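Per this note's numbering, the sequence shown starts with residue 15, numbered consecutively.
Idealized CB from N, CA, C, for every residue including glycine.
Note that the coordinates shown come from a computational prediction; the quantities given were computed from them, not determined experimentally.
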Amino acid sequence: DEFGYVPFDIDGARLLYQIITGSYERRSIIFTTNIEFSKWGTIFADDKLAAAIIDRIVHHGRLIEFTGPSRRVSEALMFGKEIHNQ
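See the structure below:
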């Protein structure tokens with residue numbers, strides 16, 4: 015759900031690439047993230063590696079984009095209530 019919030023080091027990025035490549039055209043992988051593809055180079059510490067990962071994901075992939083307010087915010091216990099510091 016929070017893919018990309020913590021950047022991968024180069025070894026982690028290479029490992030993920032190997033997993034994606036091994037799964038490519040064989041099985042499904044689901045990613046959920048709020049980070050657009052144009053910023054994935056910063057997540058993987060290597061623009062070329064990010065491009066290769068994106069290439070494999072989008073080739074047979076489906077992009078589902080959700081817009082609107084956060085579900086978590088609307089379900090928060092304190093939503094709509096004043097917060098008092100003591």
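Comparing alpha-carbon positions, which option in T35, K53, L30 lies nearest H74? Sorting T35, K53, L30 by C-alpha distance to the C-alpha of H74 places T35 at the top.
Specify whether the stretch 45-63 and the stretch 20-27 touch according to this definition: at least 3 beta carbon pairs, one from each stretch, less than 8 Å apart. They touch, by the three-pair rule.
Are three or more beta carbon pairs between the stretch 64-74 and the stretch 47-56 nearer than 8 Å? At 8 Å Cβ cutoff, the stretches touch.
Give the DSSP-derived three-state secondary structure of R40 in the structure shown. In this structure, DSSP gives R40 a state outside helix and strand, which the three-state scheme calls coil.
What three-state label does DSSP hand E79 in the structure shown? Looking at E79 - three-state DSSP - the assignment turns out to be coil, as it is neither helix nor strand.
Contact belief for F17 with T47 at Cβ below 8 Å, rounded distance in angstroms: Contact between F17 and T47 holds, since their C-beta atoms are separated by about 4 Å, short of 8 Å.
Hey, would you say I43 sits closer than 8 Å to S37, going by beta carbons? In contact: I43 and S37 (Cβ atoms closer than 8 Å).
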